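In our numbering, the protein residues as written are 3 to 207. Ideal Cβ positions, reconstructed from N, Cα and C, are used throughout, including at glycine. Computed from a predicted model, the values in this text were never measured in an experiment.
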Amino acid sequence: MMTIVDVDGDIVLMDTAADAYLCIGREHAVDNGTADGQATGEFSAYPVAESLAAAGLSPAQWKWADPALARERHDVIHVERVDAFRIMTAVPRMIVAGIITLIRLRGPVAHYHSRSPGRMPADRAQVGALVAIFDALRPFIPKLGRCLPHSLYLRNFLGLHGIAATLVFGVRTHPFEAHCWVEHDGCVLNDTADHVAWFTPIYAC
């Protein structure tokens, strides 16, 4: 499936099955500064869509990014200190979450949908405490520098605690950059709301 988003006139496509992005500059995405697709919501109305179809990208595989992703976001409540006992008791779930993450990273983004739906309500303070525990244990886990493994790991860790968090992918252009982060109830858990605001959300799972 190809997810599409309009970033100030530039068209960005995310292929969740191939873990690839395609960015089409606004000068190629529209004709004379306008496109019927912007009014109808149909990407097939964009002039460039015909060329993509000729390259083997079926219109049935295109869909616009969920408009609900363009919402206001807040920073998570930061917990300065977490009880050492809580940190130690979280180690087994941290290990299991790491194993799940390594397995998921072998597949495409399309397979990253959470299989551990949240089972308990959690306020922002509770989620903030779990994020603090994760951050306390993170230095002992190698290769978490990039945003994707770190975000997927955090989402899996929260899922094992019954918290349904969302992995969000965003893009920006000029220069092109892709980023991902974790959210819960409108709160950004492993980044800042100000930073992710620079990115246009294109996909969430």
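- Under the three-state reduction of DSSP output, C207 falls in the coil class, being neither helix nor strand.
- Rounded to the nearest whole angstrom, the CA to CA distance from W200 to I89 is 33 Å.
- Scanning T194, D187, H113 and H197 for the CA closest to the CA of A127 turns up D187.
- Across the set M4, H152, G172 and E82, the C-alpha of E82 shows the shortest separation from the C-alpha of A131.
- Counting along the chain, R174 sits inside no alpha helix (DSSP H); it lies in the beta strand (DSSP E) bounded by residues T168 to R174.
- Going by C-alpha positions, L107 is about 13 Å away from L169.
- Looking at the DSSP output, E179 sits in a beta bridge with R174.
- Looking at the backbone, the Cα of R28 and that of H181 are separated by about 21 Å.
- In the DSSP assignment, T5 falls within the unbroken beta strand (DSSP E) covering M4 to V9.
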